[in-house]
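Visitor: My structure is below; once you've seen it, I'll send some questions.
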Amino acid sequence: MAGIYIHIPFCVKKCLYCDFVSDCGTKEDMSRYQHALQREILNTPVNEKADTVFFGGGTPSVYPAGYTAALLELFRQKNVLSDNCEITIEVNPGTVDREKLMVYRKAGINRLSIGLQSADDIELKLLGRIHDYDDFIKTYEEARAAGFENINIDLISAIPGQTVVSYENTLRKILDLSPEHISAYSLIVEEGTPLYERQEEYTFPDEEDEREMYYLTKRLLQENGYFRYEISNYAKKGYACRHNLKYWSRENYYGFGTAAASLVNPVRYTNITDRTKYIEADGDIKRIRAEATELSGQELIEEFMFLGLRKMEGVSVQEFKDKFHMPIEEIYGQVIEKAVDKGLLTRNLSQQTLCLTERGIDVSNVVMAEFLL
Ligand code: SF4
């Protein structure tokens, strides 16, 4: 089944490290955006059922909850949502109250992804986040009280001023809460962000500390019953994010809103990023699309490999054969041999899969680059 992604490009304030398509918006901006979004949804053919929906952003929780519920209703009217749909919304601490959370629940949202990033208030300030740790605790407790039983917490390591000790403190505080899912990424200083422009003013953890944070994440989370199912994602059994797995497994997904991407195999679409133009397009698909690319056979194979290898279960040799009508060795025989010899890749003979070893994960970018033809 397919996935549905809806981009809500509004935030209370721009974080210093953020290069996502988002900015602040007035109530009027949101109302006009909602209108355009509804038109896009109505005009887009979705010829298959979806079993995941993901509201991302931006900060979807600053958007009126009634709008979010109305969008889900629209998909229901189109009869595209399956019965046991995983429906996630990204939430920032301090931007939801019980009432809003109850509207989400009533609309069928059953998974929250809370952007905490750090449990240290100084680090949060440095990132330009709008909340402190207490705001997060309040949001988390409200979410549990509202009945959410599937919660992800986003964390970032390698924040300026962060130490291994403060990062461990963040991890331990989160583990005490026992969320179902934890995403732990390393901070990337993206060009064009205020953090990038002023990076010489900050002290970043050195490479050694960064590695230690990475190993600490892996060790502590696994010791506490989380299994790693993707390079940066950990979950309790049965709680891997079904929506994100679709990206790594290259299943079809339909994106709505500014900058949203879609994959309707073998074609990839991307929407325009300019919100004003998006609103003016009023659901006219031709004007909304920035790009539509039919992926070549080679691109399909490459994506299958480098996205699939992000998953800890790796890629299935049989699936490769079924999809591309040739054994994987015919194209990648030498690359695989070399990576196996170096201890970066391993063959699981019983399940007929290829996956990265611990060492391979450490240098995953280098290994994956070998799979580009
Ligand atoms: S809340 Fe998220 S999307 Fe919004 S500015 Fe901060 S990092 Fe970017």
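The sequence shown begins at 7 in my numbering and counts up one residue at a time.
Heads up, the beta-carbon is just placed ideally off N, CA and C, and yes, glycines get one too.
Owing to the predicted nature of the structure, the values given are computational and were not obtained by experimental measurement.
Going by DSSP, what residues sit across from Phe129 in a beta bridge?
Guide: Phe is not the amino acid found at residue 129; the sequence shown has Glu there. Answer is none; Glu129 lacks a bridge partner.
Visitor: Would you grab the beta carbon distance between Leu161 and Ala113 for me? Rounded to a whole angstrom, and I think it's under 8 Å.
Guide: The Cβ separation is near 27 Å, so there is no contact.
Visitor: By how many angstroms is the C-alpha of Glu34 removed from the C-alpha of Ala267?
Guide: Ala267 and Glu34: Cα-Cα distance of roughly 25 Å.
Visitor: Pick helix, strand or coil for Gly63, following the three-state DSSP scheme.
Guide: If DSSP states are grouped into helix, strand and coil, Gly63 belongs with the strands.
Visitor: Is Leu161 helix, strand or coil by DSSP?
Guide: Reduced to three states, the DSSP call for Leu161 is strand.
Visitor: Compute the Euclidean distance between the alpha carbons of Asp280 and Thr264, then round it to the nearest angstrom.
Guide: Asp280 and Thr264: Cα-Cα distance of roughly 7 Å.
Visitor: Can you tell which of Ser189, Thr276 and Met311 has the C-alpha that lies nearest to the C-alpha of Glu297?
Guide: Closest by alpha carbon: Thr276.
Visitor: Considering only DSSP beta bridges, list what Trp267 is partnered with.
Guide: For clarity, residue 267 is Ala in the given sequence; the question names Trp instead. Note: Ala267 sits in a beta bridge opposite Thr276.
Visitor: If contacts are defined as beta-carbon pairs under 8 Å, then Leu118 and Ala164 qualify, I think. What distance do you get, rounded to the angstrom?
Guide: With a Cβ gap of about 25 Å, Leu118 and Ala164 do not count as contacting.
Visitor: Which partner residues does Arg234 have in the DSSP bridge list?
Guide: Tyr240.
Visitor: If you drop the 5 nearest sequence neighbours on each side, which residues of the same chain put their C-beta closer than 6 Å to that of Val270?
Guide: Around Val270: Asn258.
Visitor: Just checking, does the segment 288-305 make contact with the segment 341-359 on the three C-beta pairs under 8 Å criterion?
Guide: Flag = no, the segment 288-305 and the segment 341-359 do not touch.
Visitor: Output the distance between the C-alpha atoms of Ser67 and Val97, rounded to the nearest integer angstrom.
Guide: If you take the alpha carbons of Ser67 and Val97, they lie about 5 Å apart.
Visitor: Would DSSP call Ile194 helix, strand or coil?
Guide: Coil.
Visitor: Relative to the ligand SF4, is the shortest distance from any of its heavy atoms to the C-beta of Tyr23 smaller than 8 Å?
Guide: The answer is yes for Tyr23.
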